[in-house]
Amino acid sequence: MAYDVEFTPEVEALTAPAWAKVKDQVTPLEWRVHAPLIAQINRVKREKNAVILAHNYMTPEIFHGVGDYVGDSLGLAREAARSDAKIIVQAGVHFMAETSKVLCPDKTVLIPDLRAGCSLASSITGADVRLIKQRYPGLPVVTYVNTTADVKAETDICCTSANAVQVVEWAAKEWGVDKVILIPDEYLARNVAAQTDIKIVAWKGSCEVHVRFTVDDIAEMRVAYPGAEILAHPECPEEVLNAADFAGSTAAMTDYVEKRRPKQVVLITECSMASNIAGDVPGVQFIGPCNMCPHMKRITLRNILDALVKEQFEVTIDPAIADRARLAVQRMIDLPPPAIPARYDLVKARGHHVDIELI
Ligand code: SF4
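In numbering that gives the first Met the number 0, the protein residues as written are 0 to 358.
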């Protein structure tokens, strides 16, 4: 489909606020290509009463140019549920669009590229969870939000990387057991097990982006940038988190950088995260390494505009599955905010035994 691609003075003026945020990440030449698409997307959004949910791992021109709500997957879905928009365009991966549909059953949810998947979400199916429940009868099932609606529907309660410890401890208490099933991320499960006395049954799924980080990456950073603070995502291997200064979800990392304003910071996560925060915290120097998520990068300004104009590709979920998945998400939302700070150095000080059974 052909769109206006001219970088007119009007387009320049309309996109000036976004340019101010991204000008250190995007070249002027690239902006001449992005800006006309941004102006059109924002116009069509208004005409169709649509909102765009942009995940922290979107490229800066999407994140700052067209995102109405930006953040982590659950935060985005919750914002969408509060908005009165008719259409939601998910600038993220497929399981995130499903979560939006679960929480907003009456809205049309679109994903710009149906191939935007996730190694973690595709590591497990609803049928797998049913088998796990047969093998461990009576144990509560806690599922990370990075899963399909099918998997959430088989779940007692969902968790995020920020509240996983709290949810696991809550579930153990509610069910009166000392063991909890926490799926599908092996590394998140290991990191939770290091912070609680509850025994964990885990699944061997992983995020292909975070699993690639190593202790050597951190050691090299420490030598090259001795003053830099190193923040790592809980989907990273345990030894990487042990070597970092702080572990937290993308939302927790953002909060950390905004509040503490370190002079130099290393974000051990997906590459776009640093570019997007950089626009909001001038004066903080972001240093590599980072790994790119190929699934997130399938989303572009051009296919977002296509999605809006053609109202494609709609995400649908069997209402019976959506209803059960919603219960698991809502149960988590209804818990109070996590009482345990997401500072991994507190955990290291405890030298906690990791009690985990991998299936
Ligand atoms: S970064 Fe990892 S968890 Fe997130 S979408 Fe990509 S593969 Fe999935």
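Backbone N, C-alpha and C fix where the C-beta goes; we use that ideal spot for every residue, glycine too.
Predicted model, so just to flag it, every value in this text is computed and none were measured.
Thinking just about the alpha-carbon of each residue, which of the options is nearest to the one in residue i?
i      : options                        : result
PHE285 : ARG31, VAL265, GLY278          : VAL265
VAL308 : CYS289, LYS44, ALA273          : LYS44
VAL140 : ASP105, VAL200, LYS258         : VAL200
THR7   : LEU73, VAL25, PRO35            : PRO35
PRO183 : GLU5, ASP215, GLU356, ASP105   : GLU356
GLN39  : CYS206, ALA1, ARG81            : ALA1
GLU269 : ASN290, PRO281, LYS262, GLN263 : ASN290
TYR135 : ALA327, LYS178, ILE332, ASN41  : LYS178
ALA319 : ALA148, GLN329, ASP127         : ALA148
HIS33  : ASN302, ALA321, CYS292, GLY247 : ASN302
ARG297 : LYS203, ALA12, ALA188, ARG114  : ARG114
VAL283 : ALA163, PRO261, THR299, TRP30  : PRO261
TRP30  : ASN41, ARG42, ALA17            : ALA17
MET295 : GLN133, GLU207, ALA15          : GLU207
VAL144 : PRO336, ALA76, GLU5, MET220    : ALA76
On the premise that residue j lies in contact with residue i, defined as a C-beta separation below 8 Å, what is that separation, rounded to the nearest angstrom?
i      : j      : result
ILE123 : THR146 : 7 Å
ALA231 : VAL239 : 6 Å
ILE156 : ALA327 : 6 Å
LEU102 : ARG325 : 7 Å
THR154 : VAL128 : 7 Å
TYR224 : GLN165 : Not quite, the Cβ-Cβ distance comes to about 33 Å (not below 8 Å), so this is no contact.
Verify whether the separation of the beta carbon atoms of residue i and residue j is less than 8 Å.
i      : j      : result
GLY64  : ILE37  : yes
SER160 : PRO233 : yes
VAL88  : ILE131 : no
VAL214 : ALA242 : yes
GLY125 : VAL150 : yes
TYR68  : CYS292 : no
LYS100 : VAL280 : no
VAL167 : THR142 : no
TRP169 : LEU334 : yes
PRO104 : ALA321 : yes
Might you give, ordered along the chain, the residues of its own chain that have their beta carbon closer than 7 Å to the beta carbon of residue i, omitting 5 neighbours on each side?
i      : result
VAL21  : PRO59, GLU60, HIS63, GLY278
ILE276 : THR253, VAL256
ALA250 : GLY70, ASP71, GLY74, ALA161
PRO288 : ASP216
ASP3   : PRO35, GLN39
ARG342 : Its pLDDT being 49, under 50, ARG342 is placed unreliably in this model, and the coordinates cannot settle the point.
Kindly examine the ligand GTP and report whether one of its heavy atoms sits closer than 7 Å to the Cβ of residue i.
i      : result
LEU119 : The ligand GTP is absent from the structure shown, which contains only the ligand SF4.
In chain order, what residues of the same chain have a beta carbon less than 6 Å from the beta carbon of residue i, not counting five sequence neighbours either side?
i      : result
HIS54  : GLY91
ILE86  : LYS47, ALA49, THR107
ALA273 : LEU266, PHE285
ARG323 : ALA152
ARG349 : Residue placement at ARG349 cannot be trusted, given a pLDDT of 47 that sits under 50; the coordinates are not used to answer.
With a CB to CB cut of under 8 Å and the five nearest residues on each side skipped, what residues in its chain are close to residue i?
i      : result
SER205 : SER118, LEU119, SER122, ASP184, GLU185, TYR186, GLU234
GLN24  : PRO59, SER274, ALA277, GLY278
ARG259 : GLU228
**Report entry** the stretch 160-180 touching the stretch 106-113, judged by at least three CB pairs closer than 8 Å
**Finding:** No, they do not touch.
Query - At least three beta-carbon pairs within less than 8 Å, the stretch 95-103 to the stretch 298-308 - result: no
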